[in-house]
Each structure stands twice: as structure tokens, then as C-alpha cells.
Amino acid sequence: MELRAIHENCSGCSTCRLACAIENFKEVNPSKSLLTIEARFPAPGDYRIHICDQCGECADNCPEDAIYLKDGAFIVDPDTCTGCLICVEVCPHDVMFEQKHSDVPIKCNLCGECARTCPRDAIVLVQDIEREVA
Amino acid sequence: MIYGYAGVILRVDLSNATVRKEPLPESLAENFIGGRGFVAKMLYDEIPSGIGPYDPENMLIAATGPLTGHFLPASGKTHFGTKSPATGGYADSNMGGHFGPQMKYAGYDVLVITGKTENPSYLYINDDTVEIRPAAKYWGQGSITAEKNFKDHLGDDYQMITIGPAGENRVRYACISHDFGRQAGRTGVGAVMGSKNLKAIAVKGTGSIPVADLKEAYAKGKEAYQKVKAKPGFEGWTPEGTAGITNWTNEVGVFPTRNFQTSYAEHYKNINGKAILDRLKITDKGCFGCPTPCGKYGHTQTPSGSAYVEGPEYETIALFGGNCVLKTIEEVAYANYLCDELGIDTISAGVVIGWAIECFKKKILTRDDIGQEIDFSDLDSVVYLLNKIAKREGIGDLLAEGVKVASEKTGHGSERFAIHVKGLEWSGYECRNAPSMMLAYLTADVGAHHNRAWVLGHDVAGAWTNVHDLIASETENKAQPKAVISDRCAEYVIESQHKRSLFDALGNCRLQMMELGFEAEHYAELYSVITGMTKSWEELLKISERIWHLTRAFSVREISGFGRHLDFPPARLYEEPIADGPNQGHVISKREIDDLLTWYYTARGWNNNGIPTKETLMSVGLSGVAGDLEGG
Numbered sequence: 702m703e704l705r706a707i708h709e710n711c712s713g714c715s716t717c718r719l720a721c722a723i724e725n726f727k728e729v730n731p732s733k734s735l736l737t738i739e740a741r742f743p744a745p746g747d748y749r750i751h752i753c754d755q756c757g758e759c760a761d762n763c764p765e766d767a768i769y770l771k772d773g774a775f776i777v778d779p780d781t782c783t784g785c786l787i788c789v790e791v792c793p794h795d796v797m798f799e800q801k802h803s804d805v806p807i808k809c810n811l812c813g814e815c816a817r818t819c820p821r822d823a824i825v826l827v828q829d830i831e832r833e834v835a
Numbered sequence: 003m004i005y006g007y008a009g010v011i012l013r014v015d016l017s018n019a020t021v022r023k024e025p026l027p028e029s030l031a032e033n034f035i036g037g038r039g040f041v042a043k044m045l046y047d048e049i050p051s052g053i054g055p056y057d058p059e060n061m062l063i064a065a066t067g068p069l070t071g072h073f074l075p076a077s078g079k080t081h082f083g084t085k086s087p088a089t090g091g092y093a094d095s096n097m098g099g100h101f102g103p104q105m106k107y108a109g110y111d112v113l114v115i116t117g118k119t120e121n122p123s124y125l126y127i128n129d130d131t132v133e134i135r136p137a138a139k140y141w142g143q144g145s146i147t148a149e150k151n152f153k154d155h156l157g158d159d160y161q162m163i164t165i166g167p168a169g170e171n172r173v174r175y176a177c178i179s180h181d182f183g184r185q186a187g188r189t190g191v192g193a194v195m196g197s198k199n200l201k202a203i204a205v206k207g208t209g210s211i212p213v214a215d216l217k218e219a220y221a222k223g224k225e226a227y228q229k230v231k232a233k234p235g236f237e238g239w240t241p242e243g244t245a246g247i248t249n250w251t252n253e254v255g256v257f258p259t260r261n262f263q264t265s266y267a268e269h270y271k272n273i274n275g276k277a278i279l280d281r282l283k284i285t286d287k288g289c290f291g292c293p294t295p296c297g298k299y300g301h302t303q304t305p306s307g308s309a310y311v312e313g314p315e316y317e318t319i320a321l322f323g324g325n326c327v328l329k330t331i332e333e334v335a336y337a338n339y340l341c342d343e344l345g346i347d348t349i350s351a352g353v354v355i356g357w358a359i360e361c362f363k364k365k366i367l368t369r370d371d372i373g374q375e376i377d378f379s380d381l382d383s384v385v386y387l388l389n390k391i392a393k394r395e396g397i398g399d400l401l402a403e404g405v406k407v408a409s410e411k412t413g414h415g416s417e418r419f420a421i422h423v424k425g426l427e428w429s430g431y432e433c434r435n436a437p438s439m440m441l442a443y444l445t446a447d448v449g450a451h452h453n454r455a456w457v458l459g460h461d462v463a464g465a466w467t468n469v470h471d472l473i474a475s476e477t478e479n480k481a482q483p484k485a486v487i488s489d490r491c492a493e494y495v496i497e498s499q500h501k502r503s504l505f506d507a508l509g510n511c512r513l514q515m516m517e518l519g520f521e522a523e524h525y526a527e528l529y530s531v532i533t534g535m536t537k538s539w540e541e542l543l544k545i546s547e548r549i550w551h552l553t554r555a556f557s558v559r560e561i562s563g564f565g566r567h568l569d570f571p572p573a574r575l576y577e578e579p580i581a582d583g584p585n586q587g588h589v590i591s592k593r594e595i596d597d598l599l600t601w602y603y604t605a606r607g608w609n610n611n612g613i614p615t616k617e618t619l620m621s622v623g624l625s626g627v628a629g630d631l632e633g634g
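Listed in order, the protein sequences are those of chains G and Z. Here the working numbering runs 701 ahead of the position in the first sequence, where the first position is 1. Here the working numbering runs 2 ahead of the position in the second sequence, where the first position is 1.
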């Protein structure tokens, strides 16, 4: 499974971000969300959803091999991570987050709550056939 | 800890450059809920009686509600309040978007701004950090331009409110702008902000809002989204948003046209919701948490200019497409853009300009007075006047005072067709054959605004139904029968005033209920699990009723000689039969209006002059107010 963004369906409501924070941190606090919505106004006048597609760039570039694949999601091992933040720099979607409550970077664990709660079907969970075949 | 709320009132005195954080009193939350309730209570208790709206002592309040920022459909509202530049009485204006939720994540339920800075400033809020910062380089910029420039400087994760040149120049219907197209449009809240030399407020919050039972609140929030999505209006109403009502209002003849000379515009299919989708729209644009985004963001091109713009929503279509008779959606959208950038309320502007054009056509205002010829169906006239108004140049200085003052200064009978109540210009529903809706306009606490009660369904269809079902029903341009005028009109209006206004206290959008029929009781359940203060919908409505009496009391106290005469419409609406369209020939008499007001006052427990009686005030828990009002 992987998350897929359908940008043209997004109306910028941020329901996904609030759901992410409640599901993963038990807080009504979207600043902790592990995805972002870019509002491009006044021009070109649209939204871009930035979500983790589990591309693995973070794991490939981690000098400590602290990021591993589990059930389709790349996970940061807090015991191995040294907090060098190289993964934050290399993430192509800017969804590797430094947060003040955590010593290590935090990323999407593919819980799927954003897709389940998006009222406009702008984020969907899809089967990643290529990866499953590989 | 008060669950559901951030728990803090932030007070900023611009004159003394002081910032104070106070705990939100539990009694305030319990008895006035939030949003509009907080605005009403704080204005009544704290504003020195008799001050002018532009005096530094006037308060500009931004209040959220207990539902703002939580996980439920459309929890993005912020409510602004002040002493009104439009009426001199109670004023509030609410806005969707993302500002209110961000205020709460930063830790504040309410911002109270008093005083005035010497030089242009903006208020910077980043969680605990609150600073008054210089804003001279942004002064003079349009609302949208300034928001873009502030965000380029501060970062996109700040939520902004800004004013444009109209606010800076104290145009009495200047708005507060947010998120490149959302406004607290009505009652001149932007002018009060301008009078304080406050160009903008930027807020960023990284905190969380405490919830009494988060697990249950999250489950009920998800259930609410599913129920909204299951309503027929989810697919049927959302695509066009509020503009989707344009066909219906024309086909039943309530669409203000040619400065309310008539209530039907022949070109309505060229300025309706479908025209937006076909010719303007780029994306849906929603407020925080909204499953049914009414915002339609697009691009318009006209001979007068081209622009990106959110909207037009229905009111703008009615007041520029109908009242000023702009004949294409592109033209309406361009007028919309210009208002947004200049920081002007599209409703009031459409009424003021419609009045000015009629004055010119009747030779009450001349080419010399105005500076050029102006006419209906002419975008150049609208563009010319909007720019003059925002800068208060020439004729614009008169028009910036609002249609009431402008007509009183101009005279020659122009007061008869200055369409307002108490000084606030009339919004997008013509009411000569809609007595309940007429009464709603006459008794709305801020002046002639539809926000407080919307009862056209009773007048036209004989019963209230959600807007999607109402406009989905078959209509045609046939002659409408004379609407029933009875004491039931007062009942409908009072019920709607309590229900709709309650959303403005809860800090949540009402459209999922009003337009789609999402059941009201769900909001009481959500309120209860979020705040831990268990209240039924009926109990919440009782608080809404209390707030209603309090806003009336504020206006009674602040407007000299307040009384029944201020609840009347301009003479056009009771003297001139509607010129054409489905309601051709219909008019309501002054006597019938008097009857409507009497029924309403009686049902409200107000005296014959429209003043709340001591007994009524005591009965709704406002005993402290009861002693303040004379004649009660």
C-alpha cells in the first residue's frame, strides 16, 4: 500500500493534518502532522499535497542505517538514529520532520488516517503493484 | 482547565504597547459559549458607553468558539466584533478560513485589541511570543498583496488577517481579509482596524487544544463527516457553493436588481454558479476542516483587467450582478477581486454604487459631483467608484460613509432608495413579497444582513427546508402569489435567529446544517464531548437567545434615541411595487411592517418600542443589564 495525492481534489481544509496529529500523537495539533498542504495563492491558485510516498531516499542516505522498511513504511529506529538530520535534507517531498518534542526525525508510518479522513478523496491509499512485484 | 478552549484571552493595548494574557473565565465559557457570545459580553461590559467607533478606546475583538480548530466538519470560524462604524451599535462579522484555529493552537481563544499605534503596525503572534511590529512598508498595499508580502517575509505557516486601503482610510464598510479571498466583510470591522493603525495580524501556533474525551470526540467527528457526505447536497450543493442559489432567487423573484428597483435579472444565467464552473474556476477552496468547500477560486479576464479571485459567492453576484447589473460572471468576478484587494465589503459596496448610479440617472448627483458619467451594466463605472471610495477621493469620500449617511447628505429624496437598515446596507435578498425575510433584515442586530436569520423558505415554499433541497425543487419564472403575512413570520425569524447565531458562538460554520440538512443535534453532542460540559441543542439555543437580547441591549445603550423607527426599511421597499419579474406588482405596506414588528417585539418580550423589558432580561440571565436600559 502507499499514499497517493490527487492534488486537484484538494481544497486545503487540512482535515488530513488534524487527523494525522490525533491518530499519531493524540493531540488536536496539526503542527505535528506528518504531511503538509502547500497553498499556492494568489497564483497559480491551487494546492499541493506533500506526503511520504515511501520512496526510501531517507533510508538510502542514512549513514547509520537507522531507517528500515516495515510493512511498506520506512521507520526511524530511535535507538540507532544519531539525529544528524541528513534524511531531512534529502527527503524529496520535505516530509521528514524535526519536531521539538522528539530527539529524532519523525516521518509518516503509513497509518492511512489522512486518506481515510480526507473528505474530498484528495489522498487515497493504493496498492503499490510495482513494489509488491519487486 | 477548560476543555475545548485554549483557555486564554490575549489583550493588546496598542497605545501603551502592552500585552496581557488572562485566563478565560469558566463562567464566560459556560454562559456565553464563545465567538459572538464572547464579543457581545465583552463589548457590553467593557466599552465605555458613548465612545465613537474610531476612538482608541473602541475594542476590536477576534473570538473563536469551543468548536473552532477541532476535528469536525468546518470548524474554521473566527468572529470579529466592535462598536459599529456602520450603525453606531453592536457589530460583528465572522470569517471562515484558518485564522481562528491557528489562534487556538497558539494558545488564545480571544484577541482583544484596544488603543492605537502612532505608526502603521502589525501584530505578530508565534505561540507565546506576542509583538507589535512596524508595518510602514505594507501600508497602502492591497489586502491580497499585503498578505502575500507578509507570508513571503514570515513564512507560509503563518495565518494572516490584513486590511487594504479602504480600512486604512476608514471606509465605513471596510472588511478584514484573510487567506486570499475570505473576509469578515460586514459592519466595517476593517475600518476600526485601520483606525488603530493596525495593518495586519500574523499568527502561528504549535500547541494543542485540550479535549474532555478525545477518543470519543474523534469518533463523533468522523461520524459527522460521514453523515455530511451522505447528504444529497454533498454532491448536489458543493460544486457551485453559495452561487448555486442564483437561479432560484431569480426564478422566485427575490434577486435585488437595479438598486432594488426590481427583484429579477434577465441575465441571471450568465452570472450563476454554472457560469463560475464553466468560465472561472481553478480549484475548490475550503475553510479549515470543511468537507463542502463553497470557495471557488479562479481567474477572470475583462476589458478592465484580469485577476485571480476567490468567488464570486452568491452575495457578490446579487449585489454586483443584480444591483449594479454587471452582465457577465467575468465582470462580477473582477469587481469582486477589486473589492478584495481594496478591502471593501462587496455587499455594502454593491448597494452604495447602485444607489449612486440611480442618483446620477435621476440627476440628483451630477457628472461634476461624480467626476464622470456612471451607469448600470458598466464595469468601468464600478471600477472607478471602488477606487474613489477606497481612497476617499472626490465622490468616494461621500460614498465611503455608507448609503445612509451619503443619502442623508445628498437629500432630494435619495433616502427613499438608500437600501439599508440602521446604516448597514442590505444583502442579497429582495423582500417586498417575503415578509419573514423582510422581518429578519429589519431585526438583525448588526443591520440589514441575512446572516442572522434566513427564512425565505417559509415565505416562498411555505416551510423551512435545507437550501439544497429548496433550490433543487423545480421552479420557473411564473407569477408568485402574495406571501402570507402573519404572526408566524415572527416565530420563524426568532427560531432562525437563535439557530444560525448559535453557530457564530460555537465557532463553526452553519452551512452543513443550513444548506445540506446535517442535523443540529450532532453539534450539541460534539460540543459536549469536546468541552465536557454536557448541553443539549435546546440548552445551547437558550444561550443563543441570551446573546440576542444582549446585542440588542448594547445597541439600545449606544445608539441615541434607539427604537422602533430604526427597525424600518427605506421607503422604496414599502412604497414601490416590484417593477417586473415573478414578483411584479407586489409590495409590503408600512402598516404590514408595523404589524410584523409588533408581533416580533411581543414574541421577544420587548416593549412596543423594541426595547427589551426588565422582566425579559432577568428571565434570560441578564439581570445586570436590566438596570441599564431606560424604558424597559
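Glycine included, each C-beta is placed from N, C-alpha and C at the ideal position. Keep in mind it's a predicted model, so treat the numbers as computed, not measured.
Rounded distance between the beta-carbons of residue j and residue i, thought under 8 Å
i, j, result
"G643 (chain Z)", "F322 (chain Z)", "Because chain Z is modelled from 3 through 634, residue 643 (chain Z) falls outside the range shown and cannot be assessed."
"A245 (chain Z)", "N274 (chain Z)", "6 Å"
"V729 (chain G)", "F73 (chain Z)", "7 Å"
"I146 (chain Z)", "E343 (chain Z)", "5 Å"
"V558 (chain Z)", "I613 (chain Z)", "6 Å"
"T189 (chain Z)", "A93 (chain Z)", "4 Å"
"T477 (chain Z)", "V254 (chain Z)", "6 Å"
"V495 (chain Z)", "V457 (chain Z)", "6 Å"
"T251 (chain Z)", "Y443 (chain Z)", "With a Cβ gap of about 15 Å, T251 (chain Z) and Y443 (chain Z) do not count as contacting."
Delimiting residues of the alpha helix (DSSP H) encompassing residue i
i, result
"D630 (chain Z)", "Counting along the chain, D630 (chain Z) falls outside any alpha helix (DSSP H), and DSSP gives it neither H nor E."
"K348 (chain Z)", "Looking at the sequence itself, residue 348 (chain Z) is Thr, so the reference to Lys does not match. T348 (chain Z) -> alpha helix (DSSP H) spans 348-363."
"M439 (chain Z)", "437-445"
"I549 (chain Z)", "539-560"
"I595 (chain Z)", "592-606"
"A720 (chain G)", "716-726"
Limits of the beta strand (DSSP E) - the one that residue i falls within
i, result
"H802 (chain G)", "Premise fails: H802 (chain G) is in no beta strand (DSSP E) and is neither H nor E."
"Y769 (chain G)", "768-771"
"Y748 (chain G)", "747-751"
"Q303 (chain Z)", "297-304"
"D47 (chain Z)", "That residue, D47 (chain Z), is in no beta strand (DSSP E); its alpha helix (DSSP H) goes 37-48."
"L74 (chain Z)", "Unbroken run through L74 (chain Z): none, as it is neither H nor E."
"T116 (chain Z)", "112-116"
Residues bridged to residue i (per DSSP)
i, result
"M702 (chain G)", "M702 (chain G) pairs with nothing; no bridge assigned."
"T80 (chain Z)", "Z:M97"
"F775 (chain G)", "G:L770"
"R418 (chain Z)", "DSSP lists no partner for R418 (chain Z)."
"M162 (chain Z)", "Z:A204"
"S123 (chain Z)", "Z:P136, Z:L200"
"K283 (chain Z)", "Z:G300"
"E739 (chain G)", "G:R749"
"R22 (chain Z)", "Z:R13"
Contact set for residue i: own chain, Cβ-Cβ below 8 Å, skip 5 residues either direction
i, result
"S17 (chain Z)", "P58, T116, G117, K118, T119"
"W357 (chain Z)", "N261, V405, A408, S409, S416, F419, A420, I421"
"E724 (chain G)", "C812, E814"
"V230 (chain Z)", "P75, F236, P293, T294, Q514, L518, F520"
"V834 (chain G)", "Per-residue confidence for V834 (chain G) stands at a pLDDT of 45, beneath the threshold of 50, marking its modelled position as unreliable; no derived number is given."
7 Å CB neighbourhood of residue i in its chain, flanking five on each side removed
i, result
"D15 (chain Z)", "T116, G117"
"S51 (chain Z)", "R559, E560"
"G459 (chain Z)", "A465, W466, T467, L472"
"K222 (chain Z)", "E527, L528, V531"
"A740 (chain G)", "G713, Y748"
"I346 (chain Z)", "A168, V173, Y175, A176, C177, L388, I391, A392"
"S503 (chain Z)", "R38, R454, S546, I549, W550"
"K411 (chain Z)", "L400"
Residues near residue i by beta carbon distance below 6 Å, same chain, minus five either side
i, result
"G37 (chain Z)", "A65, G67, H81, D506, A507, G509"
"G6 (chain Z)", "P68, I532, T533"
"V589 (chain Z)", "R434, P579"
Quiz item: For the segment 178-216 of chain Z, which segments carrying the alpha helix (DSSP H) assignment without a break, of at least 4 residues, lie completely within its bounds, in sequence order?
Solution: For the segment 178-216 of chain Z, the continuous alpha helix (DSSP H) assignments of 4+ residues that do not extend past its boundaries occur at 191-197, in sequence order.
Quiz prompt | Segments of 3+ residues assigned as beta strand (DSSP E) that fall wholly inside the segment 455-502 of chain Z | solution = The DSSP assignment places no complete beta strand (DSSP E) segment of no fewer than 3 residues inside the segment 455-502 of chain Z.
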